[in-house]
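Student: Structure below; questions to follow.
Protein chains: 4
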Amino acid sequence: MNIMKKFLFFLPALGFCAAAHGQDVFKKDFTKPEATEVWEPKPKIVTPGVNGAPPSDAVVLFDGKSLGNWVMAEDGKPCQWILKDGAMTVKPGTGDIRTKQKFGDCQLHVEFRIPADAKSSPDHNNAGNSGVYLQERYEVQIFDSYHNETPLYSNGQIGSVYKQAIPMANASSKPGEWNTFDIYYTAPRFRYNGSVEQPAYITVVHNGVLTLNHFEIQGTIQYIGMPRYELHDKAPLRLQGHGSAVSFRNIWIREL
Amino acid sequence: MNIMKKFLFFLPALGFCAAAHGQDVFKKDFTKPEATEVWEPKPKIVTPGVNGAPPSDAVVLFDGKSLGNWVMAEDGKPCQWILKDGAMTVKPGTGDIRTKQKFGDCQLHVEFRIPADAKSSPDHNNAGNSGVYLQERYEVQIFDSYHNETPLYSNGQIGSVYKQAIPMANASSKPGEWNTFDIYYTAPRFRYNGSVEQPAYITVVHNGVLTLNHFEIQGTIQYIGMPRYELHDKAPLRLQGHGSAVSFRNIWIREL
Amino acid sequence: MNIMKKFLFFLPALGFCAAAHGQDVFKKDFTKPEATEVWEPKPKIVTPGVNGAPPSDAVVLFDGKSLGNWVMAEDGKPCQWILKDGAMTVKPGTGDIRTKQKFGDCQLHVEFRIPADAKSSPDHNNAGNSGVYLQERYEVQIFDSYHNETPLYSNGQIGSVYKQAIPMANASSKPGEWNTFDIYYTAPRFRYNGSVEQPAYITVVHNGVLTLNHFEIQGTIQYIGMPRYELHDKAPLRLQGHGSAVSFRNIWIREL
Amino acid sequence: MNIMKKFLFFLPALGFCAAAHGQDVFKKDFTKPEATEVWEPKPKIVTPGVNGAPPSDAVVLFDGKSLGNWVMAEDGKPCQWILKDGAMTVKPGTGDIRTKQKFGDCQLHVEFRIPADAKSSPDHNNAGNSGVYLQERYEVQIFDSYHNETPLYSNGQIGSVYKQAIPMANASSKPGEWNTFDIYYTAPRFRYNGSVEQPAYITVVHNGVLTLNHFEIQGTIQYIGMPRYELHDKAPLRLQGHGSAVSFRNIWIREL
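Chains A, B, C and D are the protein sequences, given in the same order.
For the first sequence, numbering that gives the first Met the number 0 assigns the number 0 to the initial residue and increments by one for each residue that follows.
For the second sequence, numbering that gives the first Met the number 0 assigns the number 0 to the initial residue and increments by one for each residue that follows.
For the third sequence, numbering that gives the first Met the number 0 assigns the number 0 to the initial residue and increments by one for each residue that follows.
For the fourth sequence, numbering that gives the first Met the number 0 assigns the number 0 to the initial residue and increments by one for each residue that follows.
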């Protein structure tokens, strides 16, 4: 009988302790293929979604039928946005909404639609202005950048990390048609004294086009002034309610 | 007359030169929103693909009709894989194929299908074994990991960077059904003396599920021995022809 | 008429520039030794100091004869510390002092002496408490840690970056005898929007013993609360005047 | 029965551990100074050396009296260099020497003297050519760069990491006089598969002048070809015996 048990605790790739002197790596026979095999852990099995459905381990945040996972961001009261035709739409004047649940590292899928009558405007308020805030702080901008004559700064266009990153492409759908954001997000890490150990990182795919690749987020979004990090734990996803009736559907998140 | 000139030298995210002392950042008035606006460059406009079609700026590598963009990897002779029913399929015994064109940083979309009769096998050869090699060197593994009783090491399962990275999830389609890989890849950079300035990085989304997030590639893939980097410039995309009749379709790439 | 011109040059990473595809590195013949030779720039010639004297390119900040390079940190008025016997000594109650000149990256040499009668004390004030602040913000702690029964936290002992870093060794001279700090410092870099592009780094050698090696400074020193970075340009060197009559001599700095 | 158990504890980044969600940092009261105090570990007490003597925890590798800690690098036979007047001097033709003991991270102090009659020469062999190899692989160059008319490439001058780094300054003593190197070195870390997890870093102070600050070593030194890393554990310190009668004295090392 040949019982072979291999225990290999493979913990993440960064850091010092991972390869201290005296470890087994120096005793390995690298002429054998076994030397570079790792057997544990086994990747967890996830059933992919079909035709736009979420993967099996996703938390569905909005399925078109209920606003129950959302509250008003300011006061935690029930979500006042409009639920209609399988979408939820900003009700101007009500403000931002956020999830009840809190998240850290995640994969996020969001679909959104800028109103067909969005027009470029000097005050930007009617130009499809909204946004997806990871952990309530880090905004991926939604804006009518389809009408690219809009005089908006590049680091404020659709798909930007607002006032931090210029997206690599403007892959906007026409206003009135749906867009997708697929976001891969790593939350910031903090030290014992509250300082930033590792900033947050974000990858954004807009309508299937890569627009930000592992961008280092520079701190909480600011309209005026410098982005700064503040200590925080897991936090809700927030959607911005500005003056434009932007709609959302099919929102799901996978915790990583 | 009011002539206002603003010079803002925006140096990039990496490195020292970005914020040398004496730069304009120290003279800005951060109480004004303009201080953090960047107007150039404008993101280029890319028309997203509809229903799985490639974005407007993609290079289509395989559209189901021609093998013309591919040659045998070993000798550059015409591609001998099988073109049928809009797919190209490994012809066992012929070997790997590669693109004629060379690439660096890229976004890559590949669809592939493991044969329905793939079975777990001790020699792995019939178990849907193939792979996508970025720049001819860095393999994202294709394998029948749906039948997860297959006794394959975790860092050799589908979606792994072979013998380097365990994927975060196993999102395999059932053999006989199509899978997608969406890959966001940053090529390695080399110094004047040929040493590695910056390793390659890869993000892999398998069937819509994030499996590797900005993984640091450790060098050219090795079955036996240690991964090592070798100096190289832009290089072709390669697909592995092992003993299993894996099929491919809808392959496109965007240079970044 | 309002003519507004905005120029923003978005340039790539230095590292990336150095290794872009198509560069000369790919055309080199690495079988020749010349391929890895670099002839420019020539290192500048610096005449080393003999017997503790400063190197030829150092800015001498205190030579034992004059307080002329220093002012009170709070109000910029003339330095009120005591000049005697070739040393300058904290005059308790007067406060911190700083250089008139401002610095960025630097090599700094400081000699200091904790009073012979320093005693461990619960309030720490008489225990040789002082400090060297790089760029007015980042303190390398001076304290009587020779009497190591002092109940002071490890990240507040001599040679610490105060409340950020525990030194690797306590190499204190006996109170009443001179100590040296040799400090190698890289100033933080900031982005166009005022966020931290690269934190500051510090290496500290205390009495010839390495105590901090390329430590990542986490922000401005705080006695209470979290360290945070604030945007700043070159800034003076500051010495702390606490309640203890700590003396200084032979202070020089090399701009890097 | 063949039961094979393999335990390999691959531990994660310290930083990541310290900042996982839900940790105590999120429960702290940062209005209290205690929130940012760390009490353990206590820095170890090291008695500094006086007048050039080594610190109390240093391993003395050469004290002027014995060659007993050294062997010939090639074959491990007794050191054949010349012991005279408290110095050990290269005996041309014998080759390199190395320590019997092996080291990883370290602080290293070396004193060396280029012969007074060193002259610039086309073949460089008589021009004070020697070197200090950390871990037998990573050379800090010794050369007569005082006579700076020597036609030697910048990344091969004294204080360079040979063919990798140009020193920031040329602080050479006159040939016939003693030089010091104070070196702060972090050994490379390797992963389970033998790839480089973290490169080596080196800081060099030549005659009290900083010449390299946390330079990222690019691999084993090469005269011809590209530097590459090879897997290695702790390794001896090596001194180069070239064609020039370079002398050494007062060599000590502190393991970090």
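Heads up, the beta-carbon is just placed ideally off N, CA and C, and yes, glycines get one too.
From a predicted model like this one, the values you see are computed outputs, not experimental measurements.
What are the boundary residues of the beta strand (DSSP E) that A/Q140 is part of?
Tutor: Y137 to I141 is the extent of the beta strand (DSSP E) around A/Q140.
Student: Reducing DSSP to helix, strand and coil, say where C/L255 ends up.
Tutor: In this structure, C/L255 counts as coil in the three-state DSSP scheme.
Student: Residues of chain D with a CB under 9 Å from the CB of A/V24: which are they?
Tutor: Going along chain D in sequence order, the residues near A/V24 (Cβ under 9 Å) are L7, F189, R190, Y191, N192, G193, L230 and D232.
Student: Closer than 8 Å is the cut-off here; do at least three beta carbon pairs connect the stretch 186-205 of chain A with the stretch 135-149 of chain A?
Tutor: Output reads yes: the stretch 135-149 of chain A touches the stretch 186-205 of chain A.
Student: For chain D, find out if any of its Cβ atoms is closer than 7 Å to the Cβ of A/T277; answer yes or no.
Tutor: Shown here, chain A extends from 0 to 255; a query on residue 277 of chain A therefore has no answer.
Student: Could you name the residues that DSSP lists as bridge partners for B/E289?
Tutor: Lying before the first or after the last residue shown, residue 289 of chain B is absent from chain B, which here runs from 0 to 255.
Student: Please return the same chain residues whose Cβ sits closer than 6 Å to the Cβ of C/Y184, not counting the five positions on each side in sequence.
Tutor: These residues qualify, in order along the chain: C105, L133 and I201.
Student: Is there a Cβ of chain C sitting closer than 7 Å to that of B/H20, yes or no?
Tutor: Any reading at B/H20 must be qualified, since the residue scores a pLDDT of 42, below 50, and its modelled position is unreliable; no value is offered.
Student: Exposed or buried, which one is D/T35 when buried takes at least 16 other CB atoms within 10 Å?
Tutor: Buried, by the Cβ-count rule.
Student: State the Cα-Cα distance for the pair C/P77 and C/D62, rounded to the nearest angstrom.
Tutor: Using only the alpha carbons, I get a separation of about 17 Å.
Student: Give me, in chain order, the residues of the same chain whose beta-carbon lies closer than 7 Å to that of C/K5; leave out the 5 immediate sequence neighbours on both sides.
Tutor: With a pLDDT of 31 at C/K5, under the threshold of 50, the modelled position of this residue cannot be trusted; read the value that follows with caution. No residues qualify anywhere along the chain.
Student: Under the three-state reduction of DSSP, which class applies to B/D62: helix, strand or coil?
Tutor: In the structure shown, B/D62 sits in coil (DSSP, three-state: anything other than H, G, I, E or B).
Student: Spell out a yes or no on whether the stretch 212-220 of chain A and the stretch 49-65 of chain A are touching, meaning 3 or more CB-CB pairs, one atom from each, closer than 8 Å.
Tutor: The stretch 212-220 of chain A, when compared against the stretch 49-65 of chain A, does not touch it at the 8 Å Cβ threshold.
Student: Could you say if the stretch 223-243 of chain D and the stretch 25-33 of chain C meet the contact criterion of at least three C-beta pairs nearer than 8 Å?
Tutor: Touching, yes.
Student: Label B/G240 either buried or exposed according to how many other C-beta atoms from any shown protein chain fall within 10 Å of its C-beta, with 16 as the threshold for buried.
Tutor: With 16 or more Cβ atoms within 10 Å of its Cβ, B/G240 is classed as buried.
Student: Is the CB-CB distance between A/A244 and A/T88 below 7 Å?
Tutor: Yes, they are a contact pair.
Student: Which partner residues of A/Q106 appear in the DSSP bridge assignment?
Tutor: A/Y183 and A/R253.
Student: Using a Cβ cut-off of 8 Å, which residues of the stretch 34-55 of chain D contact any Cβ in chain A, in chain order?
Tutor: Cβ contacts with chain A come from A34, T35 and V37.
Student: Since C/M87 sits in a beta bridge, which residues does DSSP pair it with?
Tutor: C/M87 is bridged to C/L82 and C/F247.
Student: Kindly say whether C/F29, judged by its beta-carbon, lies nearer than 7 Å to any beta-carbon of chain B.
Tutor: Closer than 7 Å: yes.
Student: Locate the beta strand (DSSP E) running through A/Y132, then write down its first and last residues.
Tutor: S129 to L133 is the span of the beta strand (DSSP E), which, as asked, contains A/Y132.
Student: Ends of the beta strand (DSSP E) at C/E215?
Tutor: From DSSP, the beta strand (DSSP E) with C/E215 extends over V208 to E215.
Student: Kindly say whether A/Q197, judged by its beta-carbon, lies nearer than 7 Å to any beta-carbon of chain C.
Tutor: For A/Q197, the answer is no, since every Cβ of chain C falls outside 7 Å of its Cβ.
Student: Taking the beta strand (DSSP E) that C/W69 falls in, what are its first and last residues?
Tutor: W69 to M71 is the span of the beta strand (DSSP E), which, as asked, contains C/W69.
Student: Hey, quick one: how far does the beta strand (DSSP E) through C/I96 stretch, first residue to last?
Tutor: Note, C/I96: beta strand (DSSP E), I96 to T98.
Student: Name the DSSP bridge partner or partners of A/N178?
Tutor: According to DSSP, A/N178 bridges with A/F111.
Student: Quick check on C/H146 - is its C-beta less than 7 Å from some C-beta in chain D?
Tutor: Taking Cβ atoms only, chain D never reaches closer than 7 Å to C/H146, which makes this a no.
Student: Would you mind giving the Cβ-Cβ distance between C/D84 and C/I113, rounded to the nearest angstrom? I have them listed as a contact below 8 Å.
Tutor: That pair is no contact at about 16 Å.
Student: Three-state secondary structure (DSSP) at B/G242?
Tutor: If DSSP states are grouped into helix, strand and coil, B/G242 belongs with coil.
Student: Report buried or exposed for B/A168, applying the criterion of at least 16 other Cβ atoms within 10 angstroms of its Cβ.
Tutor: Buried, since its Cβ has 16 or more Cβ neighbours within 10 Å.
Student: Identify, in the order they occur along the chain, each residue of the same chain with its Cβ nearer than 7 Å to the Cβ of C/W251, setting aside the five sequence neighbours on each side.
Tutor: Excluding residues within five positions, the ones whose Cβ falls inside 7 Å are P53, A57, V58, V59, L60 and H108.
Student: Hey, how far is the Cα of B/S172 from the Cα of B/N154?
Tutor: In a straight line, the C-alpha of B/S172 is about 19 Å away from that of B/N154.
Student: Where does C/L42 land, buried or exposed, given buried means 16+ other C-beta within 10 angstroms?
Tutor: Strictly speaking, residue 42 of chain C in this sequence is Pro, with Leu absent from that position. The residue in question, C/P42, is buried, as its Cβ has 16 or more Cβ neighbours within 10 Å.
Student: Any beta carbon of chain D sitting closer than 7 Å to that of B/L217?
Tutor: It is worth fixing the name first, because residue 217 of chain B is Gln in this sequence and not Leu. Taking Cβ atoms only, chain D reaches closer than 7 Å to B/Q217, which makes this a yes.
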